[in-house]
Each structure stands twice: as structure tokens, then as C-alpha cells.
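Undergrad: Throughout the sequence shown, residue numbering follows the working numbering, covering 642 to 964 in sequence.
After the C-alpha cells below, expect a handful of questions from me.
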Amino acid sequence: MVERVFVAGHGGMVGSAICRKLASNPNVELVIKGRAELDLLCQRGVRDFFSSAAIDQVYMAAAKVGGIHANNTFPGEFIYENLMVQCNVIDAAYRTGVNKLLFLGSSCIYPKAISQPMSEDALMTGLLEPTNEPYAMAKIAGIKMCESYNRQYGVDYRSVMPTNLYGKNDNFHPENSHVIPAMMRRIHAAKLSGDASVAIWGTGKPKREFLYVDDMAEASVYLMNLPSEQYRGVVSERCSHVNIGSGIDCSIRELAETLCKVIGYTGNLTFDVSKPDGMPRKLLDVSLLAKLGWQASTHLEDGLTSTYQWFLANDQALRGVSV
Numbered sequence: 642m643v644e645r646v647f648v649a650g651h652g653g654m655v656g657s658a659i660c661r662k663l664a665s666n667p668n669v670e671l672v673i674k675g676r677a678e679l680d681l682l683c684q685r686g687v688r689d690f691f692s693s694a695a696i697d698q699v700y701m702a703a704a705k706v707g708g709i710h711a712n713n714t715f716p717g718e719f720i721y722e723n724l725m726v727q728c729n730v731i732d733a734a735y736r737t738g739v740n741k742l743l744f745l746g747s748s749c750i751y752p753k754a755i756s757q758p759m760s761e762d763a764l765m766t767g768l769l770e771p772t773n774e775p776y777a778m779a780k781i782a783g784i785k786m787c788e789s790y791n792r793q794y795g796v797d798y799r800s801v802m803p804t805n806l807y808g809k810n811d812n813f814h815p816e817n818s819h820v821i822p823a824m825m826r827r828i829h830a831a832k833l834s835g836d837a838s839v840a841i842w843g844t845g846k847p848k849r850e851f852l853y854v855d856d857m858a859e860a861s862v863y864l865m866n867l868p869s870e871q872y873r874g875v876v877s878e879r880c881s882h883v884n885i886g887s888g889i890d891c892s893i894r895e896l897a898e899t900l901c902k903v904i905g906y907t908g909n910l911t912f913d914v915s916k917p918d919g920m921p922r923k924l925l926d927v928s929l930l931a932k933l934g935w936q937a938s939t940h941l942e943d944g945l946t947s948t949y950q951w952f953l954a955n956d957q958a959l960r961g962v963s964v
């Protein structure tokens, strides 16, 4: 039986990776809508779409995302747009009989001062990191909305919390991007210009975990389609989200050094300590994910190499974004 699967946010890094994964399944009919066709901020438009589209499954990958600079600069936009989009999609899915939905969150939902690695039950046990609090609050609301709809309406809405993602179709904007694409673009530019050094934000000491986006897509499709009894046998009703990560972290300095190796840049690294570091460490506890039968397979250097190759192949299209 062919299932009609709607991927909200199909044009983004995560959504496009999920689409690539689903496209290989002959029993899936992908349903995608561009922003010009469907504005997910418009409740009536979203409800009308679901009423007519006969959707069987939803991957909720649509979100307003960005790095530290973007979160600090546009906090109102981050909380409003993320809350509105996810509420519109989740509610419209329920109202039109969609029983299966996967909500994609973020590891920033966990408190700043928390023991590492961060387990799922650490949620709401302390204060959030201030630099991305509005985004994190929206994602926490999405998890709890899915849990509430499961309890009241008997649907099967699951939530996954990925670690820091990177890969094809990432945002390479020099200011509003996440750490890997921003750093990759900066080091690439330094190589082309023959610069003797390149500046990295912060002290280089914070540690971060990274996951290649195609691994994330594979995990998402895997968890979406696990039998309910297997999923519910591991995940509790009121702590229903599952961490998705590699289980391995590295310092920002180590990341920069690996990127220099991948890019072929031989200059020096300097660290701009006037820029914020964010959380000192972010590593997910992925033991629950392992119990459900999945683990990451892409090594960081291999994933960065594939991402850099994609960047080079698409650099012409990216030239409109200044370095």
C-alpha cells in the first residue's frame, strides 16, 4: 500500500535529506509544497491543505533556524514563527485524521547547567541557554503538544531531538548560519585569498557533537516506522522524545582543525574571545536510541568532506551571499 507522506520544510537541510531517504521507497508518495504554495504560518491555509491532501504521515521538519548571532538578533521571530508553524501543522494533521507524525526538535531544549551527556529526562530541569532560549521554548512546546495530543486523542505523534546537524543544503550565510557552514565558508575564503590566518568565534574550548544530516534522515525514517509496541516499550508517555546524535563530541578548535584539513587550508587559526561561546558542552545521551536499534555511521571527517564537496559544487549559486 502506497502512503502519502508530507514533509514540512522539504527545502531545508533536514527536510531535503528526509525526502532523499523517502524517495528510495516505492511505497511512499512524497507530498511537498513550497512556501509560495503553502504558507505554514497561515492556519487556514494549512488546514485547507490537509483537508484536501489525504496525508498518511507527516515529518515536521519546517523551522526557523540559525546560529548564535541569528538567535540573539531575532528572538521574537524565532519564538513566534516556530510556535505558529508547528501548532498549525500538528493540529491540522490531527483534525484531518493523520495518525502518524514525527516532530523534529533540537538539543538546545536542555538546560545550560546540566550533566553530560544529556539524557531525555533532563528536559525542564533547569534554565535554558539564554542565546537560544526563544527557539528552545518553541521546541519544548512542540514536544509537549505531541504528547498532549497522544494522550487526549490517541494519535501516534513522536518527537526526535537531533544534535548539531550539518550536510548538503545547509545555510552558508556568513552571519546567520550554524557553526560548521559558517566556519567552512570562512576557511574556504581564507584559502582562496591566501590569508595567513582565519578568525574563529569564541575561545575554541566549548565541545559540540555533530551529526551528518543523511544519518539524521535515516534515523527519522527508522523511528517513524518502528512498530508502536516497540517504540512505546522504550519511550514513556510524558517523556516521549528521543535524542538523535553520534554520541561523540569534539572541541570547536578540533572542529576548525579538521575543517582546515578537509579544505586544504594551511594558515593559522586565531580565536575571537569577544564573541560568545554558548554552552560549554553539548553531548546527547543516545542510549535510548541504541535501545530502539539505531546508531550513526558517518565519521565527522567523512561527513565534512562530503559537505565541502557539495559546497564547492554549489558555490556558484551561493556567490550571492557575501563572505
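Here a beta-carbon is modelled for each residue, glycine too, at the ideal position from N, C-alpha and C.
When burial is assigned at 16 or more other CB atoms within 10 Å of the CB, is Asp623 buried or exposed?
TA: In the structure displayed, the chain extends from 642 to 964; residue 623 sits before or after that span and is not available.
Undergrad: Report the CB separation of Thr948 from Asp811 in whole angstroms; it is logged as a contact under 8 Å.
TA: If you number the sequence shown from 1, residue 948 lands on position 307. If you number the sequence shown from 1, residue 811 lands on position 170. About 7 Å separates the two Cβ atoms, so the contact holds.
Undergrad: Under three-state DSSP, which class holds His651?
TA: The residue labelled residue 651 in the question sits at position 10 within the sequence shown. Correct three-state label for His651: coil.
Undergrad: To the nearest angstrom, how far is the alpha carbon of Gln966 from that of Ser692?
TA: The question about residue 966 has no answer here: the residues shown for the chain are numbered 642 through 964.
Undergrad: Taking just the CA atoms, how far does Val672 sit from Ser657?
TA: For the purposes of this step, residue 657 is taken as the residue at position 16 of the sequence shown. For the purposes of this step, residue 672 is taken as the residue at position 31 of the sequence shown. Each residue's Cα considered, the two are about 12 Å apart.
Undergrad: Can you tell me the Cβ-Cβ gap for Ile659 and Ser881, rounded? I've got them flagged as a contact below 8 Å.
TA: Taking the first residue of the sequence shown as 1, we reach residue 659 at position 18. Taking the first residue of the sequence shown as 1, we reach residue 881 at position 240. Wrong, their Cβ atoms sit about 20 Å apart, outside the cutoff.
Undergrad: Name the one or two DSSP bridge partners that Pro803 has.
TA: In the sequence shown, residue 803 corresponds to position 162, counting from 1. Beta-bridge partners assigned by DSSP to Pro803: Ile885.
Undergrad: Would you identify the three-state DSSP class for Phe851, choosing helix, strand or coil?
TA: In the sequence shown, counting from the first residue as 1, residue 851 sits at position 210. Phe851 falls in the strand class under three-state DSSP.
Undergrad: Can you tell me which residues form a DSSP beta bridge with Gln698?
TA: In the sequence shown, the residue the question calls residue 698 occupies position 57. In the DSSP output, where bridge partners are listed per residue, Gln698 has Val646 and Lys741.
Undergrad: What residue does the alpha helix (DSSP H) around Phe719 start on, and which one ends it?
TA: Stepping through the sequence shown from its first residue, residue 719 is reached at position 78. Pro716 to Arg736 is the extent of the alpha helix (DSSP H) around Phe719.
Undergrad: Where does Val914 land, buried or exposed, given buried means 16+ other C-beta within 10 angstroms?
TA: The count along the sequence shown starts at 1 and reaches residue 914 at position 273. Burial call: exposed.
Undergrad: With 16 as the cutoff for other CB atoms within 10 Å, does Met824 come out buried or exposed?
TA: For the purposes of this step, residue 824 is taken as the residue at position 183 of the sequence shown. Buried, because 16 or more other Cβ atoms sit within 10 Å of the Cβ of Met824.
Undergrad: Check whether the Cβ atoms of Glu878 and Glu788 lie closer than 8 Å to each other.
TA: Counted from its first residue, the sequence shown places residue 878 at position 237. Counted from its first residue, the sequence shown places residue 788 at position 147. Yes, the Cβ-Cβ distance between Glu878 and Glu788 is below 8 Å.
Undergrad: Which of the three DSSP states, helix, strand or coil, is assigned to Met759?
TA: Along the sequence shown, one-based indexing puts residue 759 at 118. If DSSP states are grouped into helix, strand and coil, Met759 belongs with the strands.
Undergrad: Is it the case that the Cβ atoms of Tyr721 and Cys749 are separated by a distance below 8 Å?
TA: Position 80 of the sequence shown holds residue 721. Position 108 of the sequence shown holds residue 749. Going by C-beta atoms, Tyr721 is not nearer than 8 Å to Cys749.
Undergrad: Contact check, Asp689 vs Glu644 under 8 Å by CB: the rounded distance?
TA: Taking the sequence shown and counting its residues from 1, one reaches residue 689 at position 48. Taking the sequence shown and counting its residues from 1, one reaches residue 644 at position 3. Not quite, the Cβ-Cβ distance comes to about 21 Å (not below 8 Å), so this is no contact.
Undergrad: Starting from Thr911 and walking both ways along the beta strand (DSSP E), at which residues does that stretch end?
TA: Position 270 of the sequence shown, counted from the first residue, corresponds to residue 911. Run containing Thr911: Asn909 to Asp913, per the beta strand (DSSP E) assignment.
Undergrad: Use the C-beta contact count for Leu924: other C-beta atoms within 10 angstroms, 16 or more gives buried, fewer gives exposed.
TA: As a first step, residue 924 is located in the sequence shown; it is residue number 283 there, counting from the start. Per the 10 Å Cβ criterion, buried.
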